[in-house]
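Residue numbers for the sequence shown follow full-length UniProt numbering, beginning at 1 and rising by one. Idealized CB from N, CA, C, for every residue including glycine. Predicted model, so just to flag it, every value in this text is computed and none were measured.
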Amino acid sequence: MPAAEASFNISKVDSKEINEFPVPSFEAALQGRAAGVQVVQGSGMAGSGSILRVRGISSISAGGDPLYVIDGVPVTQDQFLL
1 MPAAEASFNI
11 SKVDSKEINE
21 FPVPSFEAAL
31 QGRAAGVQVV
41 QGSGMAGSGS
51 ILRVRGISSI
61 SAGGDPLYVI
71 DGVPVTQDQF
81 LL
């Protein structure tokens with residue numbers, strides 16, 4: 001679906017953009033590059049993961065968890081973190 005025809009926001013971050021700057025994690029690479037995406041540290045403990053929020057804590061009909069699509073395949077956050 002072309003982005004102009006969608007009734008929702010589509011953000012695409014290209015691998016070239018991610019590789020431009022050294023960052024400690026994939027989540028940090030998304031910060032500031034995808035509209036409405038906020039990266040929040042899960043806790044202060046070493047090795048703890050980050051939480052990605054899309055447009056705040058929750059949306060009208062669902063949670064704030066993002067939909068990851070990698071090479072055209074939808075992936076849940078649990079699968080993505082493996």
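query                                                                                                                                    : result
Same chain only: Cβ atoms within 8 angstroms of residue 21, ignoring 5 sequence neighbours per side                                      : 29
Collapsed DSSP secondary structure at residue 67 in the structure displayed                                                              : coil
Closest Cα partner of residue 46 within the set 24, 36, 53                                                                               : 24
Chain-order list of residues whose beta-carbon lies under 8 angstroms from that of residue 42 (same chain, five-residue window excluded) : 48, 49, 50, 51
Limits of the unbroken alpha helix (DSSP H) element including residue 15                                                                 : 15-20
7 angstroms Cβ cutoff met for residue 54 and residue 36                                                                                  : yes
Under 7 angstroms between C-beta atoms of residue 34 and residue 15                                                                      : no
Nearest residue (CA-CA) to residue 68, options 4, 26, 17, 19                                                                             : 26
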